[in-house]
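First residue of the sequence shown: 16, per my numbering; consecutive thereafter. Inspection log for the structure reproduced underneath, given as structure tokens.
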Amino acid sequence: MSSPSKSARSKSGRGAKGPDAKRGGTLTTVVGAVLGAAAGAALLGGLSWSGGCGQDTPPPGVSADERDTGHHVAATPVPSGAVPQRLPAPPVPPNDTNAPKAAEPEPPPPPEDDKPYQGPWLAALAQATPVYPTARFSKNRMGYIRRGAKVPVIDKPLKTNSCKQGFYPLVDGGYVCGKYATTNLDDARVKSGVTPPNIDALLPYRYAYNKAHGTPLYSVVPSREDMLRYEPYLDTKRIAAEKKKAQQRQQAERAAAKAEAAAK
């Protein structure tokens, strides 16, 4: 009798333990799956935030604006397996190390040495041959050419009614009437002209000639003493005084002569 009862308890105990063990194993599996999913979501969120660092992506959590206003903005759920979008990288500058270099401009050629003039010459025939700014006579004159002096000229005179010989255009500018100049350097009037200007002298030419009193040529503005010394005729007061003394002397001599004649 005792054996069947013990056997029944043994079967009954194993039968009750079997279903509980199955339910416990199933619960453990479900809890582990939930915890694993939560850990995976947290890991994915951390990776997404760390991947967005340095690209103006705020960290997870409540922002400063939400703390100030007290309103929370619902976060957009990130689907599992989604890759966070990144800003496009800045364009890479072109590599111009092997680009052809721009050709540098060549320096200007050195100026040529002044060569002697090889063209025609115009010799002045008048004592002061005038140079006009245009091919006509006028009171406006650019200058003068001394007799016998030579200047470069363009040997194509412009004939006008006022100058039948034509106005010669000078290389340096200006016009000279052919009546007072010639391109024939063998002309006797050219050969008998003045000598070239003396650059070492006080003045290259004698621009004035003294006809009376021997007026000196001063290198500087003379003082009154210098003028009276070299030009005594300018001292009118002294001249008047000397003239008065001479007249008084002559009068005295005449008076003495009359007195002597009366005494005889």
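Note that the Cβ used here is the ideal one computed from N, Cα and C, for glycine as well. Note that the coordinates shown come from a computational prediction; the quantities given were computed from them, not determined experimentally.
On the DSSP letters alone, give me the boundaries of the alpha helix (DSSP H) that residue i sits inside.
i: R253; result: 251-278
i: A150; result: Looking at the DSSP string, A150 is not in any alpha helix (DSSP H), and its letter there is neither H nor E.
i: V205; result: 203-206
Put residue i into one of helix, strand or coil per three-state DSSP.
i: K284; result: Residue coverage of the chain in this structure runs from 16 to 279, which leaves residue 284 outside it and unanswerable.
i: Y183; result: strand
i: G229; result: coil
i: G193; result: helix
i: Y222; result: coil
i: Y248; result: helix
i: I160; result: strand
i: L312; result: In the structure as shown, the chain begins at 16 and stops at 279. Residue 312 is therefore absent and cannot be evaluated.
i: R101; result: coil
Note down, in chain order, each residue of its chain lying with its Cβ closer than 7 Å to the Cβ of residue i, except the 5 sequence neighbours on either side.
i: S177; result: R151, F152
i: Y220; result: R161, P212
i: Y132; result: P167
i: R13; result: Residue coverage of the chain in this structure runs from 16 to 279, which leaves residue 13 outside it and unanswerable.
i: C192; result: C178, Q180, F182
i: K130; result: none
i: A276; result: none
Along the chain, where does the beta strand (DSSP E) that runs through residue i open and close?
i: L243; result: Note, L243: premise wrong, no beta strand (DSSP E); alpha helix (DSSP H) at 239-245.
i: V146; result: 143-146
i: L137; result: 136-139
Could you give the C-beta distance for residue i and residue j, rounded to a whole number, given that I count them as a contact under 8 Å?
i: G189; j: P148; result: 6 Å
i: I169; j: P184; result: 5 Å
i: L217; j: S234; result: 6 Å
i: T230; j: E246; result: 7 Å
Apart from the five residues just before and just after residue i, which ones in its own chain have a Cβ nearer than 6 Å to its Cβ?
i: L173; result: A150, G181, F182
i: A143; result: Y159
i: G208; result: R162, G163
i: L232; result: none
i: K165; result: W136, A138
i: K279; result: none
Leaving out five residues before and five after residue i in sequence, what residues of the same chain have Cβ atoms less than 8 Å from its Cβ?
i: T198; result: P135, W136, L137, A138, V168, D170, Y183
i: Q263; result: none
i: V195; result: For the record, residue 195 in the displayed sequence is Tyr; it is not Val. If we look at Y195 and ignore the five residues flanking it on each side, its Cβ neighbours are A139, L140, A141, T144, P145.
i: M242; result: L249
i: Q265; result: none
i: E268; result: none
i: T175; result: A150, R151, G181, F182
For this session: Examine the Cβ distances between the region 152-160 and the region 198-214 and report whether three or more of them are shorter than 8 Å.
Result: no
Exercise. Three or more beta-carbon pairs under 8 Å between the region 196-207 and the region 132-140, yes or no?
Worked result: yes
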